[in-house]
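Chemist:
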Amino acid sequence: MSTTMADLEATPSTSTVRVVDQHIVEIVSDSGEGAQTCGQMFADLVARNGNGIWTVEIIPAEIEPPSRSRAGASGNRIRLGSNPVTNAGDHADIVVALNEQVLYSRIDAGALRSGTIVFVDRTWAEHPDDEIRRRYQEAIEDFRRRAYTVIEAPIEAQCRQHTDDPRKGKNMWALGLLCAIYDLDAATVRESISRRFSRKGDAAIEKNLALFADGYDWTLANVQQRFRVPAHKHAQPMVVMNGNQALALGIMAAGIEVCSMYPITPATSASHFLANALQEAGGFVHQAEDEIAAIGFAIGCSYAGKTAVTITSGPGLALKTEFLGYAVMAEVPLVVIVVQRGGPSTGLPTKIEQGDLLAALYASPGDSPKIIIAPATIEECFHFVVTARRLAEDFRGPVMILSDANLATGQQPFPKPQLQNSWLAPPVEQAAWDQSVPPFAWDPETGLSRRPIPGQRGGEYVLTGLAHDEASHVAYESAINQKSMEMRSRKLAVLKSALHPPQVHGSAEGDLLVVGWGSTLGCIEEAVDQLRAEGHRVSSLHLRFLSPLEPGLKKIFERFRKVLTVEVNYSDPVDAAFITPESRRYSQLSQLLRSQTLIDIDCWSQVPGSPIPPSRIVAELRRRLELLRQES
Amino acid sequence: MSGLRQEWEAEAPPRNCTLQDYQGVPARWCPGCGDHAVLNAVQQVARDKQLPPEKTVVVSGIGCSSRFPHYIKTYGFHGLHGRAFPVACGVRSRRPDLHMFVVTGDGDCCAIGTAHWIHTIRYNMDLTILLLDNNIYGLTKNQTSPTTRTGERSNTHPRGNVLPPLNPLSVTLGVTNASFVAQTIDWNPPHLYSTIRAAYEHKGTSFVRILQRCPHFTSHVFTAVQHDMSQVLLLTHDDGIPLEPSMQRLFPNRAAHDPHQLAAARAVAERDDVYPVGLLYRDERAARYDLQTSQGLGKSQAEKMAATEKWLSRYEI
Ligand SMILES: Cc1ncc(C[n+]2csc(CCOP(=O)(O)OP(=O)(O)O)c2C)c(N)n1
Ligand code: SF4
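So the sequences go chain by chain: A and B.
So the first sequence is numbered by the numbering used here: it starts at 1 and just counts up by one.
So the second sequence is numbered by the numbering used here: it starts at 1001 and just counts up by one.
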């Protein structure tokens, strides 16, 4: 895909459109210049065109970073493909940067490769400030040295012909540039712009259309690198959204009426969505005074008959743990969503990590068995909430959904869910309760029981977090404690018995099996597919149920010479000082799988704060396969 | 109530609940503990107001006092230390049909639960909060509480508490949107009953601090007050806590106090020479969060699906 300088010098008239099956585009600017809007609109257009996409938000760490700063880059990465795209991929093929400094932030993030085509606004070359001109020139030279294909585009100069405030117009110009490069139908784009700006009036529509057209025409006349990513029209209606929007819509589709939360990145945007939407479905978002109150409030709702959801991220999970234990002990149905970020402590607030698995499992004191599921795609973010509410009610306890920052902000198209009446929570039961049935009439085999709900005559009982008997009376007797613990734990075994063994991606046997969970699905499978195409005997397996674990794992693992988890959480590297096979701390899923299967499962995990791109996984798997080859 | 199964919305046939109908498991507080008196008073209010036990919910935290729900036969929620308030707010948010009491202790409310206390007062949902204040941690055996008086000894401050006590009335009256603040004593059953009844009848969060005798650990604190009623000031007003004249005479100190005056209420609350008892403050017009949170309860399944479909369609491509 590398484009040579010779190509650049060719005259535009000779340009041809290259057909590629996937491409990665980034647009970055200072925050406030609208790169995000441009990226979103471009992604939306491409998705409508029938392409697969995955988008990632590029967010500055501060709310209003200084302009032209490396830390201030704001924008989007869009990976588009002929087929469904499952992850953000590796290096960008094209980057549009509204200044050279924000481009550096992408270079620092390892987003570029030699040959990446970079468009930089050349307005800085004529800036009155000597220092700015100097820095721009140096950067351009540096970019060339780094073997990027640099195209200095007169973005601001062109925009000035249409607007007095080019800071607010460059993004539409850039949209024109991208649409010309990818040969998108300009008429559709114009419609989309008109829709987007319809509320701002005709003048705004005209201005933005003009900016778009200028970018489009300039590109056709001046740029000869053009690409087409063939698309297939979707056979069914599709939606495109990010994981937090999918969670929020899943909450609505599940008929959950109350979302109780305290703001925390990266979970909050789901509540922003719900603050508006849930009200229309008859519910509301409760912004509590802290995360403890948020889960307490949700538990109160659930106890009174309306299973509620509380949504948070790492530090909030830490605060919720006492109530989580209560929900387990008192068997209160509850949906707890954790959108993981980097930890420990306040950690990396906006970055991805899969570091809360063990906290979710074990953070409560005592034995507190609970259901934990992890969506691996944005579509699953939607459907898992529906599943979670049902599981919470059927199994009478908390169900945790572990999402992460990668799913939360990534966008992906998926078939539009056909809403079902059966997904909704049934109305609260208020029929008289058979007084002979205690509030914890545990079925001796399954541990399952039905709960009376306030309002049900004859069912009056006191819920308690203290050890209790079937009548929910406080009971400290050894035999009762032993039995009630057993009953609460049994429910997980019952659920496990109803699950299917997971599907192996690739062949059911081989040299190496990669096991993952959560948002790494796309990256892992892409890496595995690449290696399989080269003839390697590698497969992968992705877990959705983490508690209870899906059945049949041991059998599946035994068909491979080596099992390796790939995770975005911390594990000790094997070759570091003081690290021995005995002292090494493993990544979280591998710890769990090792203890469950007694198989010597290894792990490869990293905490870069970003998804591990397929190429890095490929490199590591290659190394592991080579070691296996040498062993045999 | 909407949001419940239709067939159960019909009025229940008339019935007569007696005190017997509110008897939970036998109370296990120490003999002479003021908590017994509060339990009796709440049961009487329930009987007199004919609260259906199944429609009544008592929420508590952890402490001697928080064992309360077990001893009254209604629905109950014996929760976590300090966290009764958010649970009660959650229950109330979607159940305007229930009758709700929250029972908490001075450690539960004024130490570990302080954040929730402040915010629950501000939410002003329809809840009757009973703070059973014995000036000590009872359940965990004699540790200083935020309301322990200066100089009092406890297991955590064997040489005496060095800090002045926190005043639950002034704190509550300092919170924006407070709507009902009263104080009573466990050893005068008519006043205790009248106060809890008035609190129950108030629409919004009523906060009642009850000076509660703990003969086990702090007998010298309120038992002493019981024997020297000059330490108590009875607040009287037509809009205050109704009390028979014969009962009023048991209070040597009485003062008229208009419960609609916030500044006057704060001034009375601040008095450190006497314990004012009666209604300090009431504001029926304070904003109520539960009126917001219970909106939309009547939405049908079809309406909910239509709303979801509308938002889902925005993402269609
Ligand atoms: C998180 C937590 N911390 C501490 C405790 C231990 N604890 C139980 S009750 C209590 C204090 C009770 O005092 P108070 O609220 O005044 O109620 P009382 O027993 O006096 O009625 C404490 C500290 C607990 N249960 N949970
Ligand atoms: S220790 Fe005090 S508060 Fe607790 S039950 Fe005994 S008398 Fe009542």
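Glycine included, every Cβ here is placed at the ideal spot set by N, Cα and C.
Quick caveat: nothing in here was measured; it's all calculated off a predicted structure.
Give me the pocket residues for ligand 2, defined as CB within less than 6 Å of any heavy atom, sorted by chain position.
Modeler: This selection yields B/Trp-1029, B/Cys-1030, B/Cys-1033, B/Asp-1035, B/Cys-1064, B/Asn-1134, B/Gly-1138, B/Cys-1214, B/Pro-1215, B/His-1216, B/Phe-1217.
Chemist: Does the beta carbon of B/Pro-1140 fall short of 7 Å from some heavy atom of ligand 1?
Modeler: Along the second sequence, read from residue 1 onward, the residue named residue 1140 of chain B stands at position 140. Looking at the sequence shown, residue 1140 of chain B is not Pro but Thr. Result yes, Cβ under 7 Å from ligand 1.
Chemist: When you compare each of B/Thr-1308, B/His-1237, B/Ile-1196, B/His-1260 to A/Leu-247 by their alpha carbons, which one comes out closest?
Modeler: Along the first sequence, read from residue 1 onward, the residue named residue 247 of chain A stands at position 247. Checked all of B/Thr-1308, B/His-1237, B/Ile-1196, B/His-1260; the closest Cα to A/Leu-247 is B/Thr-1308.
Chemist: So B/Cys-1214 is in the alpha helix (DSSP H); what residue range does that whole segment cover?
Modeler: As a working mapping, residue 1214 of chain B is identified with position 214 in the second sequence. Segment: none, B/Cys-1214 is in no alpha helix (DSSP H) and carries neither H nor E.
Chemist: Report the three-state DSSP secondary structure of A/Arg-457 (helix, strand or coil).
Modeler: Taking the first residue of the first sequence as 1, we reach residue 457 of chain A at position 457. Here A/Arg-457 sits in coil by DSSP.
Chemist: Of all the options B/Gly-1204, B/Ile-1185, B/Trp-1187, which has the alpha carbon lying nearest to the alpha carbon of B/His-1099?
Modeler: The residue given as residue 1099 of chain B occupies position 99 in the second sequence. B/His-1099 has its Cα closest to that of B/Gly-1204, out of B/Gly-1204, B/Ile-1185, B/Trp-1187.
Chemist: Should the segment 1238-1245 of chain B be called in touch with the segment 1255-1264 of chain B, which here means at least 3 C-beta pairs below 8 Å?
Modeler: Segments in contact, yes.
Chemist: Tell me the DSSP bridge mates of A/Met-329?
Modeler: Looking up residue 329 of chain A in the first sequence gives position 329. DSSP lists no partner for A/Met-329.
Chemist: Is the segment 201-219 of chain A close to the segment 171-184 of chain A, with three or more CB pairs under 8 Å?
Modeler: Judged by Cβ distances under 8 Å, the segment 201-219 of chain A makes contact with the segment 171-184 of chain A, as three or more pairs qualify.
Chemist: Just to make sure I have the definition right: I need the residues of chain E whose C-beta is within less than 7 Å of the C-beta of B/Ala-1286. Which are they?
Modeler: Chain labels in this structure do not include chain E; the protein chains are A and B.
Chemist: Is it the case that the Cβ atoms of B/Gln-1044 and B/Leu-1132 are separated by a distance below 8 Å?
Modeler: Position 44 of the second sequence, counted from the first residue, corresponds to residue 1044 of chain B. Position 132 of the second sequence, counted from the first residue, corresponds to residue 1132 of chain B. Not closer than 8 Å, so no.
Chemist: Under the rule that 16 or more other beta-carbon atoms within 10 Å means buried, what is A/Gln-40, buried or exposed?
Modeler: Here residue 40 of chain A corresponds to residue number 40 of the first sequence, with the count starting at 1. A/Gln-40 should be labelled buried.
Chemist: Excluding sequence positions up to five away, which residues of its chain have a Cβ less than 6 Å from the Cβ of A/Gly-52?
Modeler: Looking up residue 52 of chain A in the first sequence gives position 52. Gly-81, Asn-83, Pro-84, Val-85, listed in sequence order.
Chemist: So with CB distances below 7 Å, who are the chain A contacts of B/Gln-1301?
Modeler: Here residue 1301 of chain B refers to the residue found at position 301 of the second sequence. Going along chain A in sequence order, the residues near B/Gln-1301 (Cβ under 7 Å) are Asn-421, Leu-424.
Chemist: Starting from the N-terminal side, write out each stretch of the alpha helix (DSSP H) that is 4 residues or longer and does not extend beyond the segment 1188-1262 of chain B.
Modeler: Within the segment 1188-1262 of chain B, the complete alpha helix (DSSP H) runs of at least 4 residues are 1189-1201, 1219-1227, 1245-1248.
Chemist: Find the residues of chain A that neighbour B/Thr-1290, judging by a C-beta separation of less than 7 Å, and give them in chain order.
Modeler: Counted from its first residue, the second sequence places residue 1290 of chain B at position 290. Sequence inspection shows Asp at residue 1290 of chain B; the Thr mentioned does not correspond to that position. By Cβ distance, chain A contributes nothing, its closest Cβ being about 11 Å from B/Asp-1290, past 7 Å.
Chemist: Please name the residue in B/Lys-1141, B/Ile-1118, B/Met-1229, B/Thr-1218 whose C-alpha comes closest to that of B/Gly-1174.
Modeler: Sequence index remark: in the second sequence, residue 1174 of chain B carries index 174 (1-based). If we check each option's Cα against that of B/Gly-1174, B/Ile-1118 comes out closest.
Chemist: Leaving aside the five residues before and after B/Arg-1083 along the sequence, list all residues of the same chain whose C-beta is less than 7 Å from its C-beta, in chain order.
Modeler: In the second sequence, counting from the first residue as 1, residue 1083 of chain B sits at position 83. Only Gly-1061, Gly-1113, His-1116 meet the Cβ criterion.
Chemist: Assuming A/Pro-614 and A/Asn-87 form a contact by the criterion Cβ under 8 Å, report the distance between their Cβ atoms to the nearest whole angstrom.
Modeler: Here the question's residue 614 of chain A lines up with position 614 in the first sequence. Here the question's residue 87 of chain A lines up with position 87 in the first sequence. Rounded, the Cβ-Cβ distance is 7 Å, consistent with contact.
Chemist: Please check if any C-beta of chain B sits within less than 8 Å of the C-beta of A/Leu-209.
Modeler: The residue given as residue 209 of chain A occupies position 209 in the first sequence. Output row for A/Leu-209: interface = no.
Chemist: For the putative contact between A/Ala-388 and A/Ile-373, defined by C-beta atoms under 8 Å, what is the C-beta separation to the nearest angstrom?
Modeler: Here residue 388 of chain A is taken as the residue at index 388 of the first sequence, counted from 1. Here residue 373 of chain A is taken as the residue at index 373 of the first sequence, counted from 1. Contact holds; Cβ gap of about 7 Å.
Chemist: Let me make sure I understand the geometry here. Which of A/Asp-290, A/Leu-402, A/Ala-270, A/Ile-132 has the alpha-carbon closest to that of A/Phe-284?
Modeler: Reading the first sequence from its first residue, position 284 is the one you call residue 284 of chain A. Ranking the options by Cα distance to A/Phe-284, first place goes to A/Ala-270.
Chemist: Tell me whether B/Ser-1145, by its Cβ, gets closer than 7 Å to a heavy atom of ligand 1.
Modeler: Translated into the one-based positions of the second sequence, residue 1145 of chain B becomes position 145. Under cutoff, so the answer is yes.
Chemist: Using 8 Å as the Cβ pair cut-off and three pairs as the minimum, do the segment 258-277 of chain A and the segment 329-346 of chain A touch?
Modeler: Counting Cβ pairs under 8 Å, three or more are found: they touch.
Chemist: For B/Tyr-1281 and B/Asp-1290, I'd like the C-alpha separation in whole angstroms.
Modeler: Taking the second sequence and counting its residues from 1, one reaches residue 1281 of chain B at position 281. Taking the second sequence and counting its residues from 1, one reaches residue 1290 of chain B at position 290. Roughly 21 Å between the two C-alpha positions.
Chemist: At a cut-off of 7 Å, would you count B/His-1081 as near ligand 1, judging by its Cβ distance to the nearest heavy atom?
Modeler: Counted from its first residue, the second sequence places residue 1081 of chain B at position 81. Indeed, a heavy atom of ligand 1 lies less than 7 Å from the Cβ.
Chemist: Looking only at C-alpha atoms, which of A/Ala-92, A/Leu-45, A/Ala-109, A/Val-46 sits nearest to A/Ile-59?
Modeler: Your numbering for residue 59 of chain A matches position 59 in the first sequence. Measuring from the Cα of A/Ile-59, the nearest candidate turns out to be A/Ala-109.
Chemist: Report the residue from A/Glu-445, A/Ser-302, A/Gln-412 whose alpha carbon sits nearest the alpha carbon of A/Ala-452.
Modeler: Along the first sequence, one-based indexing puts residue 452 of chain A at 452. Note that residue 452 of chain A is Pro in the sequence shown here, rather than Ala. If we check each option's Cα against that of A/Pro-452, A/Ser-302 comes out closest.
Chemist: Residues of chain A with a CB under 9 Å from the CB of B/Ile-1121: which are they?
Modeler: Your numbering for residue 1121 of chain B matches position 121 in the second sequence. Simply none; closest approach about 11 Å.
Chemist: Look at the alpha carbon of A/Ala-180 and the alpha carbon of A/Ser-595, and state the distance between them as a whole number of angstroms.
Modeler: For the purposes of this step, residue 180 of chain A is taken as residue 180 along the first sequence, with counting starting at 1. For the purposes of this step, residue 595 of chain A is taken as residue 595 along the first sequence, with counting starting at 1. For A/Ala-180 and A/Ser-595, the distance between alpha carbons rounds to 55 Å.
Chemist: DSSP three-state call for B/Cys-992: helix, strand or coil?
Modeler: There is simply no residue 992 of chain B to check, as chain B begins at 1001 and stops at 1317 in what is shown.
Chemist: For B/Thr-1140 and B/Ser-1154, I'd like the C-alpha separation in whole angstroms.
Modeler: Looking up residue 1140 of chain B in the second sequence gives position 140. Looking up residue 1154 of chain B in the second sequence gives position 154. Roughly 12 Å between the two C-alpha positions.
Chemist: Around the C-beta of A/Asp-356, are 16 or more other C-beta atoms found within 10 angstroms, so that it is buried, or is it exposed?
Modeler: Looking up residue 356 of chain A in the first sequence gives position 356. The residue in question, A/Asp-356, is buried, as its Cβ has 16 or more Cβ neighbours within 10 Å.
Chemist: Name the two residues that bound the continuous beta strand (DSSP E) containing A/Lys-170.
Modeler: Position 170 of the first sequence, counted from the start, is the residue given in the question as residue 170 of chain A. Per DSSP, A/Lys-170 belongs to no beta strand (DSSP E); it is in the alpha helix (DSSP H), 170-181.
Chemist: State the CB to CB distance for the pair B/Tyr-1193 and B/Ala-1041, rounded to an integer number of angstroms; the pair is presumed to be in contact (CB under 8 Å).
Modeler: Counting from one through the second sequence, the residue named residue 1193 of chain B turns up at place 193. Counting from one through the second sequence, the residue named residue 1041 of chain B turns up at place 41. The pair is a contact, with the Cβ atoms about 5 Å apart (cut-off 8 Å).
Chemist: For a contact defined as C-beta to C-beta under 7 Å, what are the partners of A/Ile-299 on chain B?
Modeler: Along the first sequence, one-based indexing puts residue 299 of chain A at 299. Going along chain B in sequence order, the residues near A/Ile-299 (Cβ under 7 Å) are Val-1087, Gly-1090.
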